[in-house]
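The sequence shown lines up with residues 9 to 143 when you count with the working numbering.
Here a beta-carbon is modelled for each residue, glycine too, at the ideal position from N, C-alpha and C.
In this text the structure is predicted, and so the values were computed from the model without any measurement.
A short worksheet on the structure shown next.
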Amino acid sequence: MKFLSKQFVRWDDLDAMGHVNNAKFLTYAQEARFLWATEEFSGAMRETSLIEMVVARAEVDFIEPIYEGGRFVDVEITIGKIGNSSFNMLFTIGDQGKVFAKVMTVQVAVSTQTMKSRPLTDKEREFLTKYLETN
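As structure tokens, then:
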């Protein structure tokens, strides 16, 4: 299963080179991740939320520039790997079959009491498994 989010490319996202600034791709991924965590995950998990997570790592592969603002791009989310307290989120940023970038983040679940990493619960694992890239 995949989660799809539409993200708006603002004209001020463009830099002096006339294309979307590289840092903005992480913003598109972050906005999509927030929607996924609040709309999908929090709705399925009443007693916990993956808002209680931090990004431990982020990688971006820039494939093709975006040259115009005032438009939407698709951000598709899948899960790449599930560990003990972390999981990989995979983001494909594109439009109409054209891929602009691929983003991978490592998310770590955090206890709000201790502010330290915590193991993923069985319910969280079950939810994340539905989004595994192989499914």
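The beta carbon of Val-118 is closer than 8 angstroms to those of Glu-60, Met-61, Val-62, Lys-124, Ser-125, Arg-126 in its chain, skipping five residues each way along the sequence. Check the Cα spacing between Phe-99 and each of Asp-69, Ile-74, Ile-90: the tightest is with Asp-69.
Boundaries of the alpha helix (DSSP H) around Asn-30: 30-43. In the DSSP secondary-structure assignment, Ser-94 is bridged to Val-116. Within a 10 Å sphere around the beta-carbon of Asp-21 sit 16 or more other beta-carbons, which makes this residue buried. Shown here for Ala-40: same chain residues with a beta carbon closer than 8 angstroms to its own, the five before and five after excluded, namely Phe-11, Ser-13, Gln-15, Val-83, Ile-85, Phe-99 in chain order. Taking a C-beta distance under 8 angstroms as the contact criterion, Thr-113 and Arg-65 qualify as a contact pair. Scanning its chain for C-beta atoms nearer than 7 angstroms, with the 5 sequence neighbours on each side dropped, one finds around Val-116 the residues Met-61, Val-62, Ala-64, Ser-93, Ser-94, Ser-125, in chain order.
Annotated three-state conformation of Thr-86 is strand, per DSSP.
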